[in-house]
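Counting along the sequence shown from 1, when you hit position 37 you're at 37 in the UniProt record's numbering, and nothing is skipped either side.
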Amino acid sequence: MAVSGGKAMFINGHDVATMEKNAPNIAELLLKAIDYVGPSNAVQVVTDNAANCKAAGAIIEGLFE
1 MAVSGGKAMF INGHDVATME KNAPNIAELL LKAIDYVGPS NAVQVVTDNA
51 ANCKAAGAII EGLFE
């Protein structure tokens, strides 16, 4: 989902039913979304507080430091 000009827009979705929900896989999906909108346009990524999501966030932060 992206928000611009105060309006929300759905960008894409993925069927992850058969995907292992580990940090590298989650980070890969998030990075594809960041690349789609452009890193300079990505202001925030929101996930839950699960350990795999926190680890995926750390992977992404490490790439953009």
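Ideal placement from N, C-alpha and C gives every residue a C-beta, glycine not left out.
Cβ pair residue i, residue j closer than 9 Å
i, j, result
"residue 11", "residue 46", "no"
"residue 52", "residue 21", "yes"
Residue i versus residue j - alpha carbon distance
i, j, result
"residue 3", "residue 25", "25 Å"
"residue 29", "residue 59", "12 Å"
"residue 39", "residue 8", "18 Å"
"residue 41", "residue 54", "21 Å"
"residue 63", "residue 1", "22 Å"
Assigned exposure category for residue i - 16 Cβ within 10 Å defines buried
i, result
"residue 56", "buried"
"residue 50", "exposed"
"residue 27", "buried"
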